[in-house]
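Numbering (the working numbering), first residue to last: 1022 to 1211. The beta carbon of each residue, even a glycine, is placed where N, CA and C say it ideally should be. No experiment lies behind these values; they were computed from the predicted model shown. Here's the structure, in structure tokens; my notes come after.
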């Protein structure tokens, strides 16, 4: 059995768009290959298009199928497009219906979009996750003009995105191990 400090981290990849015709699954498939190439991460996917959460807080929803996945995660990779200089409503809804699931855990951010590559959405998400007591890692992966950057489901020039993903995931693993050890030694309370 692996030592708890070096056991693989359970990472949830959140696909943050539920828009018809979305490009997210293309980027997610590429990203899942990067995650699965590592022996320090075990990946699972939560797709906001399948989360089936209400858009209103009128009454508490029945427990969502995604809640246990988020709760048991050691870390997250959130994949977001940029819509109107921010991130999608479906992703905000998923984040808002969960609170303790994000606490004291690291979040890596991957974005795609037009000329900005989704970076404005990333900056908004940093603020949201800080409020939820989550730690966002410094480095990100962004795909500028994403539709023309991919061919047959893969980046046309993978060297930059692959290097950026390695750096980002190395940071995620460091934070994930440290925060998992911290949560084990002293459960996080707000």
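Contact belief for residue 1102 with residue 1139 at Cβ below 8 Å, rounded distance in angstroms: 6 Å
Spatial neighbours of residue 1135 in its chain, beta-carbon cut-off 7 Å, leaving aside the 5 residues before and after: 1166
N-terminal and C-terminal residue of the beta strand (DSSP E) that residue 1097 is part of: 1096 to 1102
Residue(s) in a DSSP beta bridge with residue 1158: DSSP lists no partner for residue 1158.
Three-state secondary structure assigned by DSSP to residue 1165: strand
Buried or exposed by the 16-neighbour rule on C-beta atoms within 10 Å, applied to residue 1108: buried
Reduced DSSP category for residue 1092 - H, G, I as helix; E, B as strand; rest coil: helix
CA-to-CA distance, residue 1067 to residue 1216, given in whole angstroms: Past the edges of the chain, shown from 1022 to 1211, lies residue 1216, and the structure says nothing about it.
Outcome for residue 1177 when other beta-carbon atoms lying within 10 angstroms are tallied against a minimum of 16: exposed
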